[in-house]
Amino acid sequence: MSRPSFQIDDTDGPKLTRAWVLHPEIKSDNDRRNPGPALAEAVALAEALPHLEVNGATIVPLRTVSAGMLFGSGKIEELKREFDDAEIELVLVDGKVTPVQQRNLEKEWGVKLLDRTGLILEIFSDRAATREGVLQVEMAALNYQRTRLVRAWTHLERQR
């Protein structure tokens, strides 16, 4: 993992990736953090990557989590308009996002999406200096991506 997967070609100098940070505030979660400081922390994490430009941040209140999309259809449409207006290329969700939710939201919004774990892995990847450190980060990233690759080759199951 020498370079983050969402970096844009930098032939004319370093091009910054336009990012937006979302903090889902789940009302039914008893262990939830205070949303203001949590969003500020997520923005600071995003700004730790030198090739990201954070163009916006939003706290999204949720009564319940939608299994397939995380957010409701109205909120998804509202956020899509904001992302299109700001020409956002990357959305960072401060929390856990399942592989299905990630795929569905990327398809709906037309942007790359990373959850908190993915963002932290990108930061470690960017800062790993030793060969051992690079290998440890790569191993952690592959372990994380393994769950997102399930069913990628199911079309070959019937072939013998």
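Following our numbering, the numbering of the sequence shown begins with 842 at its first residue and continues without gaps. Note that beta-carbon positions come from the ideal geometry of N, C-alpha and C, so glycine has one too. As the structure is a prediction and not an experimental result, all values here were calculated from the model.
Report task. Label A883 either buried or exposed according to how many other C-beta atoms from any shown protein chain fall within 10 Å of its C-beta, with 16 as the threshold for buried. Result -> By the 10 Å Cβ count, A883 comes out buried.
**Report entry** Spatially closest choice to V934 from T899, N984, Q986 and R972, by CA coordinates
**Finding:** When each option's Cα is compared against that of V934, the closest is T899.
**Report entry** Enclosing alpha helix (DSSP H) for V901 [first to last residue]
**Finding:** Membership of V901 in any alpha helix (DSSP H) is not indicated; the residue belongs instead to the beta strand (DSSP E) covering L893 to L903.
Query raised in the report: Is it right to say S966 is buried, meaning 16 or more other beta carbons lie within 10 angstroms of its own, or is it exposed?
Result: S966 should be labelled buried.
Requested in this report: Note down the Cα distance separating I929 from L955, rounded to an integer number of angstroms.
Outcome: Whole-angstrom Cα-Cα distance: 13 angstroms.
Report task. Closer than 7 angstroms by C-beta to Q942: which residues in its own chain qualify, once you throw out the five before and the five after it? Chain order, please. Result -> The residues are G909, M910 and L911.
Query raised in the report: Are there 16 or more other CB atoms within 10 angstroms of the CB of P865, so buried, or fewer, so exposed?
Result: Classification of P865: buried, given that the 10 Å Cβ count is 16 or more.
Query raised in the report: Roughly how many whole angstroms lie between the Cα atoms of S914 and P876?
Result: Looking at the two C-alpha atoms, the distance is approximately 22 angstroms.
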